[in-house]
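Residue numbers for the sequence shown, in our numbering: 114 to 315.
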Amino acid sequence: MQAEFVLDYRSPYCYLANTQMKRLGAQIVYTPVDIVSVMKKVNNQPSSMCPPKAKYAGIDAARWARHYDVPFSPNGGVLEALKQGQLNKPLVSRVGVAAKEMGIFERVNDALLEAVWAGADDLTTDKGRSSFLASRSIRSDLWEIAASPEIAHQLAANDQNAAERGVFGIPTFFVDGEMFFGNDRLHFVRTHLETANKVSGK
């Protein structure tokens, strides 16, 4: 049984959920999106637009990290660069799309989420990005490919498809046609997978 994981690297909850994916015992299909683009399509808005909600999200994410017993130390340099527009916001998601096309997604996905939410890597400069890739033995042309029009087009297609299927936030999961929203719904995802496997005799 497959579970689809719709994600954006700007979300701490995507990082948290990603730490639990291997425990689901299912084949995971990852779909990177630009969640701001998706939200605009469905008339939603990011938590950052509501300061009290954004503040609480940080506290809540730290609680979940303790619950999962995983590192959580948001990369202030990356987050500030995203906030100030010094780092192209969709580009981060394009890296995920490019990694899928290049056949290196799993390694890149884990490394990128950890760099943003549990690391201190410099992802805002060419030198920093090169160092990030080299230290993890990832192809040096990843960022260049991610910036290509072809990858931008694929990300836009992912966004449109997600909006048409009812995605309004992340992380979102699809299992056998059922949609589940939020890191805190992973127990429902797990239960649905277990039930589906029993029905299919697996």
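Even glycine gets a Cβ: it sits at the ideal position worked out from N, Cα and C. All values reported here derive from a predicted model rather than from experimental measurement.
Taking A139 as the centre and dropping the five residues before and after it, the same chain places the C-beta of M114, Q115, A116 and L306 closer than 7 Å to its C-beta, in chain order.
If you draw a 10 Å sphere on the C-beta of S206, you find 16 or more other C-beta atoms in it, and that means buried.
In the three-state DSSP reduction, M152 falls in the helix class (H, G or I). When beta bridges are read from the DSSP output, M292 appears opposite F287. C127 counts as buried, since at least 16 other C-beta atoms from the protein chains shown sit within 10 angstroms of its C-beta. T144 has V119 as its beta-bridge partners, per DSSP. Shown here, A231 sits in a strand according to DSSP, grouped into three states. By a beta-carbon distance limit of 8 Å, L129 contacts N296. Their separation comes to about 5 Å.
In the assembly as shown, A211 is a buried residue. Its beta-carbon has 16 or more other beta-carbons within 10 Å. The three-state secondary structure of S261, taken from DSSP, is coil.
At a Cβ-Cβ threshold of 8 Å, V208 and L246 do not count as neighbours. Assignment of S186 by DSSP, reduced to helix, strand and coil, places it in the strand class.
If you draw a 10 Å sphere on the C-beta of V146, you find 16 or more other C-beta atoms in it, and that means buried. Excluding sequence positions up to five before and after A178, its CB lies within less than 6 Å of the CB of F185, all in the same chain and listed in chain order.
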